[in-house]
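The block underneath contains the structure these notes are about, expressed in structure tokens.
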Amino acid sequence: MLAGRDRSRSAGAAGHGGAAAGRRGLAAPQARHRGLSPGRDPGRPAPRRSAGGIPPRAGDGPGGRTGMARSCCMNITLTVNGRETGLEVEPSAVLADVLREQCRQTSVHLGCEHGVCGACNVIVDGKVVRACLTLAGSVDGSSVTTLEGLCDAKADRLRRAFSEYHALQCGFCTPGMVVSGYDIVRRGQLRDEPAIRQCLSGNICRCTGYHGIVAAVVEVANEERPTTEVQA
Numbered sequence: 180m181l182a183g184r185d186r187s188r189s190a191g192a193a194g195h196g197g198a199a200a201g202r203r204g205l206a207a208p209q210a211r212h213r214g215l216s217p218g219r220d221p222g223r224p225a226p227r228r229s230a231g232g233i234p235p236r237a238g239d240g241p242g243g244r245t246g247m248a249r250s251c252c253m254n255i256t257l258t259v260n261g262r263e264t265g266l267e268v269e270p271s272a273v274l275a276d277v278l279r280e281q282c283r284q285t286s287v288h289l290g291c292e293h294g295v296c297g298a299c300n301v302i303v304d305g306k307v308v309r310a311c312l313t314l315a316g317s318v319d320g321s322s323v324t325t326l327e328g329l330c331d332a333k334a335d336r337l338r339r340a341f342s343e344y345h346a347l348q349c350g351f352c353t354p355g356m357v358v359s360g361y362d363i364v365r366r367g368q369l370r371d372e373p374a375i376r377q378c379l380s381g382n383i384c385r386c387t388g389y390h391g392i393v394a395a396v397v398e399v400a401n402e403e404r405p406t407t408e409v410q411a
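Numbering of the sequence shown is given in the numbering used here, commencing with residue 180 and proceeding in unit increments.
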């Protein structure tokens, strides 16, 4: 009986030892490849890296994403402040970015970028628009006037009035304010203070009151006769 039990224990120990060896054999490859990221084939070469140590993005290079971006661009023509300009833009490009980056019209300021503050106001085909919300491609063939293009007597008088009434502090909102004020003056349809204040309510100034701004526009609006065209 004792001999039978001894033989049984020996066989069990041998079985356990064999199972442990099997587990060690399975664990060995995992230990060897522990440094690999999950899911990567150990036999697959590591991705090449650029000089800066950053792996290239999928599609980079000839025929990749960069090439596709170029092919998606569209050609448009804008007459900016009286000068016709051919431009290559992406379909999603907004007019404010195109005017600033490609046409160097740096008076077009990007503030809220949601069409709220009016700092990006420009005149497109005789109407004041928010350049941050206007797709450049949607105004192909249009005439665009920025603050740089307002160079007639009305614009000069309005600038002087802004200075006389201290209608600016940091100046960030001023280009959009002047464009809106110029539009009021050239149309000549608003002359009283409440109506002009209401018309300027789409322009936000974050560092001063609106009294000087409104007073400057009211004064010039009551001096000038209306015109229908923007002097480029």
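Yeah, the Cβ is synthetic: ideal placement off N, Cα and C, and Gly gets one too. Bear in mind the structure is a predicted one, so any value in this text is a computation, not a measurement.
Looking only at C-alpha atoms, which of the options sits nearest to residue i?
i	options	result
residue 318	290, 275 and 332	275
residue 396	366, 281 and 386	366
residue 267	280, 260 and 261	280
residue 370	386, 394 and 382	394
residue 262	316, 328, 387 and 309	328
residue 256	306, 308 and 315	315
residue 320	269, 254 and 387	254
residue 419	361, 339 and 278	The displayed coordinates of the chain run from 180 to 411. Any statement about residue 419 would go beyond what the structure contains.
residue 373	348, 282, 355 and 389	389
residue 354	252, 383, 306 and 269	383
residue 304	378, 377 and 362	362
On the three-state DSSP scale, how would you describe residue i?
i	result
residue 287	coil
residue 375	helix
residue 130	The requested residue 130 is not part of the displayed model; the chain covers only 180 to 411.
residue 318	helix
residue 211	Legend: pLDDT at residue 211 = 45, less than 50; position of this residue unreliable, value from coordinates given subsequently. Helix, per DSSP.
residue 295	coil
residue 312	coil
Keeping to the same chain, check which residues put their C-beta closer than 6 Å to that of residue i; ignore five residues upstream and five downstream.
i	result
residue 312	294
residue 336	399
residue 243	Low confidence applies to residue 243: its pLDDT is 39, below 50, so where it sits in the model is not reliable enough to give any reading.
residue 290	296 and 298
residue 272	315
residue 308	none
residue 352	298 and 384
residue 258	322
Taking C-beta to C-beta, are residue i and residue j nearer than 9 Å?
i	j	result
residue 381	residue 265	no
residue 358	residue 302	yes
residue 392	residue 341	yes
residue 260	residue 325	yes
residue 387	residue 348	yes
residue 270	residue 251	yes
For residue i, which residues from the same chain have a beta carbon less than 8 Å from its beta carbon, with the 5 sequence-adjacent residues on both sides left out?
i	result
residue 213	Caution is warranted here: a pLDDT of 45 is assigned to residue 213, below 50, making its placement in the model unreliable, and the coordinate value is therefore given only provisionally. Contacts found: none.
residue 310	273, 274, 275, 278, 287, 299, 300 and 301
Ordered along the chain, which non-local residues of its own chain (more than five positions away) have a Cβ less than 7 Å from that of residue i?
i	result
residue 378	363 and 369
residue 344	391, 394 and 395
For a minimum of 4 consecutive residues, which ranges assigned as the alpha helix (DSSP H) are wholly contained in the segment 322-383? 332-343, 353-366 and 372-378
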